[in-house]
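Those protein sequences? They're chains A and B, same order as listed. Going by the working numbering, 1135 is the number at position 744 of the first sequence; the sequence numbering is gapless. Going by the working numbering, 229 is the number at position 216 of the second sequence; the sequence numbering is gapless. Okay, structure first, notes after.
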Amino acid sequence: MRVSYRWLKEFVDIDISAEELANKITMAGLEVDSVDKIETYKSIVGEILEIQEKGSLYLTKVDVGDSVLNIATADKTIKIGDKFPVVKAGGVIKNDVKIEKRKFGDFVSEGMMLSAAELGLEDSSSGLFRLDSSFKNGTNLSDIEEFDDYLIEIEFTPNRADALSILGVARDVRALLKKDIKFPEDSFSVISDKNINNVISVEIQNYDACPRYTLFVADVTVKESPFFIRSRLLKSGIRPINNIVDITNYVLMAFGQPMHAFDLNRLNEKIVVRNASKGEKILALDGREYELDENMLIIADSKEPIAIAGVMGGENFSVMDDTKTIALESAFFDPVSVRLTARKLKLHTDASHRFERGVDPNLCIKANHYALNLLEKYADAKIYDGHIDAKKDEFKEKTFDVSFENVNRLLGTNFDKKEMLEVLDYLNFKPKELNDNTFSVSVPTYRFDIEMEADIAEEVARCIGYDKVPSTFPVVQTSFKPKKRIDEIKRQLTKTLADYGLCEAVNYAFIDSNKLKLFNKNENEFIYLKNPLIEGQDVMRTTLVCGLLDNLTFNINKNAKSVALFEIGRVFFKDNDYSKELDKLGVVLWGVESFNWHNKERFYDFYDLKGVSEMVEKAFNLKFMYERSNQAFLHPGRSADLLLGGNNIGFIGELHPDIYDLYDIKFDKKVRVLIAEIDLNAIADYSSKIKMYEKLPKLPTVVRDLAIVVDKEVKASNIQDVIESFDSVYDVVLFDMYDKLEDSSIKSLAFRIVLKNDEKTFTDQEIDKIMDKIFSALKEKFNANLRG
Amino acid sequence: MHYIKKEFEEAIKNIDNNEALKQLKAQFLGKKGRVTELFKRISDLGNEQKKEFGKNINQLKSYIENAIKEKQTQINEFVKRKSLEEESIDITLPSRVSNFGAIHPITKTIIEIEDIFKSMGFDVETGYEIEYDKYNFELLNIPKEHPARDMQDTFYINDNVVLRTHTSPTQVRVMQKKNPPVMFISPGKVYRRDSDITHSPMFHQIEGLLIDKDIHFSDLKGVLSEFLRMFFGDVPVRFRPSYFPFTEPSAEVDIGCIICKGKGCRVCSHTGYLEVLGCGMVHPNVLRNVNYPKDYNGFAFGLGVERFAMLKYGIDNIKLFFENDVRFLKQFSF
Ligand SMILES: [Zn+2]
């Protein structure tokens, strides 16, 4: 909300600058976004002396005090004697627009008359900004009071409904500066020959939703508002319309009480405050028709809805140029009721904004009085005798007791009693000291946010200043809990993989369901968003691979030659109405593995990816089983499922060539996309931090190589297992594999075997004997032959 | 004899290789060498002179022998050095390690913040990213139709289940599980239906909660000021009143702008301050919702990880965090 510094000063004496004030209220909880001095662009007051119509233009003579200027304008509403802000040719206005002389036939326009938008008071204007006729021609606008002002933009937290007006801000300023509030004059006279009760009645059918409804009636003349009302509305971000509407808005801004003026002569008999019936419709002031339902409160006459209560008036019952008599509504509507209605209709207005947060129920009459005072002055109002004040109960202030000690203990302060009571008194809490440690407070009916002692503590602290609260350090007796294994695993893995040369990625958890279906055929597991932001983010991921492949595409499009990413994050599976969340590791490798002056260019392949899973095994003291995978999105011959304790805990492999296209990745025989995913919850369950060390061989070990030929289908890991099963074998390394032999059904494998004997040093014969035994076992199990 | 010594000294001076030294050795100490020749002349002398002469020759001989030995060592050193020099390589050529990985700046920031709070005695807890409305709002003192719900645009799964809009539900989850005192932080992803230069529909928060007997607002100030100084260095810190439905009193914490040092710049909207944290004393209603005994209270806080990372690393667009451009990520390999 934008607050005029000058207007604020009418409610409370302020003896500090706008900037100082902004800082003070920010530090008291009304956060100021900006303070801007009103800019007038060196414009001066000009009076129209002559008007000559020419096509769609009006060529005028304008008295600017020291001279008379020729100025052209397009505003149809100008009249002789009207005064407007004028900038002479050569001047500069908003957005650095330079005003130049312009020729219209023989007519040379020597300046420009300005609209409110051109002065920066609103975004767009429909016409020129008419000034008060009392201003002297040639006066600098900056010397006119309403322009000598600052606009303070305040961002209110939702609890501070009470502050959503000039009065509301003034009440906080009062407590900070310890001054008094000055209410504007609100007296008016009534005409005795007309009485409200003869022309209208009010019936409330739902007191829960409308605890109070007040109404006054007056005959009025509809015209333009005076300059100060129009300029203050503009400063508050409200567009002036006519004096009646402007005055209701003016009171709204001044007091925070939304008001509405009905054209009395368009109403049928009476006003009924009731719930709408389902399907009932209303054409609202914004020109749109709204369909209502039975949970929405409306204002109706005897026939139909005339306003959506607390939200917006009906177009056909509001003030128009020919309106003669108005019924002026000032009511209190229940916050939840208004909020439900406004939200359902997607209709957010200045009125609904305030009612949703809470408007002082004791403000209705006061606001009406102020409006009538203004109407009498600026709308020639003849106010009918009497008024309607429909309500069931009085609105009493809540009272409760507060302990000085509790407030100080909660804050960790040592504020003295006098100081606390004084602050609360300035905030209108009427504090009464009951005994040494207790005082009572009465909560003003505009403070919807104050319910308990803690709230009072905040009021005290925010007005004395949070900076007056010391900084201390608590001593907490907590027992130390063991770290959660999954958290340790995630952190260790992050570090390990980064060291291995992969970059960590972080992706959105919602992805494109069409892409997810490529990787998960079980759509029953999907969790869809009810209100996704965009189409391609409609489902919660059940795999990290989708996001990583998107990252790969993104990087390839940026001409990356090497992409190695991992992500550690949650995936989500449907579990009845709720979800099951699992932590996963996802990996994507693509492109150049190494390209440097040592080696020739090499591209990532399956065995680089296997390095990742082996690293996981090593890091967490595990052993995976690698089995050929039959996942549809993986290359059938170049992929593996990972098994741990008999459970499938993930996969590694090349992306199936059919899927490249869907990610806009060109399939290249040499450059493959490799993906992996591992369930980290399983790792946490099976991994152990405890490992018994294996004794080192006592005597020197012996190294022998063994080269064999086997059928291509035989798994190298099975051979290795058999070799390792011998007691004398200390270590085995597969150091060569060749499968481009003449006989394409076989491959040759070479192992380096480290032998140990703890009893005595091996003789050559003993070694040969062991190697024979090993070979015989391989021959028997795998039909292995020695390589010739 | 004196002449021979001089001659030798002249000759050895210029010798710089083994071959020449061998020749020199032969020239003086060889079978027909100069010194050997001198020995031959001994027999021509009388007894008296013999003794004296013999002694001098032996002295000369051992002098030459030592000099040659010394030279030999010098030459060996020289040869070795030379052969090593010949093996010298360009040490500015890069190593074989060509793939340097990196931890994502968000994770780096979380780790740094976690470690600071761990050093103060806080535990780390994790929550759920998909939450019941009850945990995300109601138990945190945000009933349905509360205007505070406008502060956070929510993604819905169904009427009762949402993507959590903040990490605060973890407060309730942990307090329901554990008796006080509790003292933990909880990092994680949160979701809001909002997207522009400064907002991402998914981002990361770190929640903190400390509940014990007799915890004060001043403790909150102390702990958070200390944390901010440890993370950002010696910056001014200020607390100003704010509003969160689940804390009372509530505060927003600003640090002096680290870009302009408080003078005012675009990043701090010319205020000289940057908003970095929301916090407050846990609302009595929240403590009641988890049935904590009345004599316990405490404070809670929440911070946006992206904001901290952006300030720390000078990152100006939140989208960079989620595009995962390897050129961006590799910058965080330190
Ligand atoms: Zn700055």
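For glycine and all other residues, C-beta sits at the position ideal for the given N, C-alpha and C. Here the structure is a predicted model, which is why all the values come from computation and not from measurement.
> In angstroms, rounded to a whole number, what distance separates the CA positions of glutamate 810 of chain A and phenylalanine 795 of chain A?
Replying inline: Mapped onto the first sequence, residue 810 of chain A falls at position 419. Mapped onto the first sequence, residue 795 of chain A falls at position 404. One C-alpha to the other measures close to 11 Å.
>> Does the CB of asparagine 192 of chain B have a neighbour CB from chain A at under 8 Å?
In response: As a position in the second sequence, residue 192 of chain B is number 179, starting the count at 1. Closer than 8 Å: no.
> Taking 7 Å as the cut-off, is the CB of isoleucine 328 of chain B close to at least one heavy atom of ligand 1?
Replying inline: Looking up residue 328 of chain B in the second sequence gives position 315. No, the beta carbon of isoleucine 328 of chain B sits no closer than 7 Å to any heavy atom of ligand 1.
> Is valine 280 of chain B near ligand 1, in the sense that its beta carbon is under 7 Å from a heavy atom of that ligand?
Replying inline: The sequence position of residue 280 of chain B within the second sequence is 267, counting from 1. Flag set: Cβ of valine 280 of chain B near ligand 1.
> serine 181 of chain B: which of B/Gly269, B/Thr120 and B/Gln165 sits nearest, CA to CA?
Replying inline: Taking the first residue of the second sequence as position 1, residue 181 of chain B is located at position 168. If we check each option's Cα against that of serine 181 of chain B, B/Gln165 comes out closest.
>> Give me the chain B residues within the contact set of isoleucine 918 of chain A, using Cβ-Cβ distance strictly less than 8 Å, ordered along the chain.
In response: Taking the first residue of the first sequence as 1, we reach residue 918 of chain A at position 527. Within 8 Å Cβ-Cβ: Ile143 and Ile170.
> Around the C-beta of isoleucine 925 of chain A, are 16 or more other C-beta atoms found within 10 angstroms, so that it is buried, or is it exposed?
Replying inline: What you label residue 925 of chain A is simply residue 534 of the first sequence in a count that begins at 1. Burial call: exposed.
> Can you give the beta carbon distance from serine 395 of chain A to aspartate 540 of chain A, rounded, assuming they're within the 8 Å contact cut?
Replying inline: To locate residue 395 of chain A, count along the first sequence from 1; it is residue 4. To locate residue 540 of chain A, count along the first sequence from 1; it is residue 149. The Cβ separation is near 6 Å, so the contact holds.
> histidine 217 of chain B lies in the beta strand (DSSP E); which residues open and close that run?
Replying inline: Start at 1 with the first residue of the second sequence, and residue 217 of chain B comes out as number 204. Note, histidine 217 of chain B: beta strand (DSSP E), 215-226.
> By DSSP, does aspartate 1209 of chain A sit in helix, in strand, or in coil?
Replying inline: Lying before the first or after the last residue shown, residue 1209 of chain A is absent from chain A, which here runs from 392 to 1179.
> At what residues does the beta strand (DSSP E) containing isoleucine 595 of chain A begin and finish?
Replying inline: For this step, residue 595 of chain A is matched to residue 204 along the first sequence. Residues 593-595.
> Starting from valine 560 of chain A and walking both ways along the beta strand (DSSP E), at which residues does that stretch end?
Replying inline: Start at 1 with the first residue of the first sequence, and residue 560 of chain A comes out as number 169. Looking at the DSSP string, valine 560 of chain A is not in any beta strand (DSSP E); the run it does join, the alpha helix (DSSP H), is 557-568.
> Where does asparagine 27 of chain B land, buried or exposed, given buried means 16+ other C-beta within 10 angstroms?
Replying inline: Here residue 27 of chain B is taken as the residue at index 14 of the second sequence, counted from 1. Per the 10 Å Cβ criterion, exposed.
> Beta-carbon of arginine 94 of chain B versus every beta-carbon of chain A: anything under 8 Å?
Replying inline: Sequence index remark: in the second sequence, residue 94 of chain B carries index 81 (1-based). It does not: the Cβ of arginine 94 of chain B has no partner Cβ on chain A nearer than 8 Å.
>> Which same chain residues end up closer than 8 Å to alanine 896 of chain A when comparing Cβ atoms and leaving out the 5 residues on each side of it in sequence?
In response: The residue given as residue 896 of chain A occupies position 505 in the first sequence. Correct list, in chain order: Gly938, Leu939, Asn942, Leu956, Phe957 and Glu958.
>> When you compare the CB positions of glycine 140 of chain B and threonine 183 of chain B, do they come within less than 8 Å of one another, or not?
In response: In the second sequence, residue 140 of chain B corresponds to position 127, counting from 1. In the second sequence, residue 183 of chain B corresponds to position 170, counting from 1. Yes; because the gap between Cβ atoms is below 8 Å, this pair is in contact.
> Who are the near neighbours of glycine 927 of chain A in its chain, counting only those whose CB is closer than 6 Å to its CB and skipping five residues on each side?
Replying inline: Residue 927 of chain A sits at position 536 when you count from the first residue of the first sequence. Only Asp903 meet the Cβ criterion.
>> Following a CB-centred definition, is cysteine 270 of chain B positioned closer than 7 Å to any heavy atom of ligand 1?
In response: Taking the first residue of the second sequence as position 1, residue 270 of chain B is located at position 257. Checking every heavy atom of ligand 1 against the Cβ of cysteine 270 of chain B, one is found closer than 7 Å.
> Taking any Cβ of chain B, which residues in the stretch 879-903 of chain A have a Cβ under 8 Å from it, in chain order?
Replying inline: Arg882, Thr885, Lys886, Leu888, Ala889, Asp890, Tyr891, Gly892, Leu893, Cys894, Glu895, Ala896, Val897, Asn898, Tyr899, Ala900 and Phe901
>> Given this structure, state the Cα-to-Cα distance separating valine 1145 of chain A from aspartate 1122 of chain A, to the nearest angstrom.
In response: In the first sequence, residue 1145 of chain A corresponds to position 754, counting from 1. In the first sequence, residue 1122 of chain A corresponds to position 731, counting from 1. So the two alpha carbons sit approximately 5 Å from each other.
> In this structure, does DSSP put lysine 573 of chain A in helix, strand or coil?
Replying inline: Translated into positions along the first sequence, residue 573 of chain A becomes position 182. Coil, per DSSP.
> Just by C-beta distance, which residues in the stretch 988-1021 of chain A are closer than 9 Å to chain B?
Replying inline: Trp988, His989 and Asn990
>> Within 10 Å of its beta-carbon, does proline 262 of chain B have 16 or more other beta-carbons around it, so buried, or fewer, so exposed?
In response: As a working note, residue 262 of chain B is residue 249 in the second sequence. Classification for proline 262 of chain B: buried.
> Using a Cβ-Cβ cut-off of 8 Å (strictly less than) and excluding sequence neighbours within five positions of serine 583 of chain A, which residues of its own chain qualify?
Replying inline: Here the question's residue 583 of chain A lines up with position 192 in the first sequence. Once the five neighbours on either side are set aside, the close Cβ partners of serine 583 of chain A are Asp776.
> Of the residues A/Gln868, A/Gly856 and A/Ala781, which one's Cα is nearest the Cα of leucine 606 of chain A?
Replying inline: For the purposes of this step, residue 606 of chain A is identified with residue 215 of the first sequence, where counting begins at 1. The option with the nearest alpha carbon to leucine 606 of chain A is A/Ala781.
> How about valine 979 of chain A and threonine 933 of chain A: are their beta carbons less than 8 Å apart?
Replying inline: Indexing the first sequence from 1 puts residue 979 of chain A at position 588. Indexing the first sequence from 1 puts residue 933 of chain A at position 542. Taking 8 Å as the Cβ cut-off, valine 979 of chain A and threonine 933 of chain A do not qualify as a contacting pair.
>> Residues in the same chain with beta-carbon distance under 7 Å from glutamate 1018 of chain A, minus the five sequence neighbours each way, listed in chain order, please.
In response: On the first sequence, residue 1018 of chain A is found 627 positions in, with the first residue counted as 1. Contacts found: Ala1031, Asp1032 and Leu1034.
>> So, for phenylalanine 1011 of chain A: in the same chain, excluding its five sequence neighbours on each side, which residues have a beta-carbon less than 7 Å away from its beta-carbon?
In response: Translated into positions along the first sequence, residue 1011 of chain A becomes position 620. These residues qualify, in order along the chain: Ile880, Ile1074 and Ser1078.
> By how many angstroms is the C-alpha of arginine 47 of chain B removed from the C-alpha of isoleucine 17 of chain B?
Replying inline: As a working note, residue 17 of chain B is residue 4 in the second sequence. As a working note, residue 47 of chain B is residue 34 in the second sequence. When rounded, the distance between both Cα atoms is 8 Å.
> Quick one: what's got a C-beta closer than 7 Å to glycine 67 of chain B's C-beta in the same chain, skipping five residues either side?
Replying inline: Translated into positions along the second sequence, residue 67 of chain B becomes position 54. Only Ile55 meet the Cβ criterion.
> How long is the line joining the alpha carbons of methionine 1016 of chain A and tyrosine 998 of chain A, rounded to whole angstroms?
Replying inline: Stepping through the first sequence from its first residue, residue 1016 of chain A is reached at position 625. Stepping through the first sequence from its first residue, residue 998 of chain A is reached at position 607. The straight-line gap from Cα to Cα measures roughly 15 Å.
> Which runs of the alpha helix (DSSP H) spanning at least 4 residues fall entirely within the stretch 249-325 of chain B, listed in chain order?
Replying inline: 297-302
>> So, under 8 Å CB-CB, lysine 445 of chain A and phenylalanine 495 of chain A are touching, yes? Tell me the CB distance rounded to an integer number of Å.
In response: Looking up residue 445 of chain A in the first sequence gives position 54. Looking up residue 495 of chain A in the first sequence gives position 104. So it is a contact: roughly 7 Å between Cβ atoms.
>> Quick check: does the Cβ of glycine 518 of chain A come within less than 7 Å of any heavy atom belonging to ligand 1?
In response: Position 127 of the first sequence, counting from 1, holds the residue named residue 518 of chain A. Outside the cutoff, so no.
> Looking at isoleucine 228 of chain B and phenylalanine 130 of chain B, is the spacing between their C-beta atoms short of 8 Å?
Replying inline: For this step, residue 130 of chain B is matched to residue 117 along the second sequence. For this step, residue 228 of chain B is matched to residue 215 along the second sequence. For phenylalanine 130 of chain B and isoleucine 228 of chain B, no; Cβs fall outside 8 Å.
> Between serine 515 of chain A and the rest of its own chain, which residues show a CB-CB distance below 6 Å, the 5 nearest in sequence each way excluded?
Replying inline: Along the first sequence, read from residue 1 onward, the residue named residue 515 of chain A stands at position 124. Excluding positions up to five away in sequence, the list reads Ala508.
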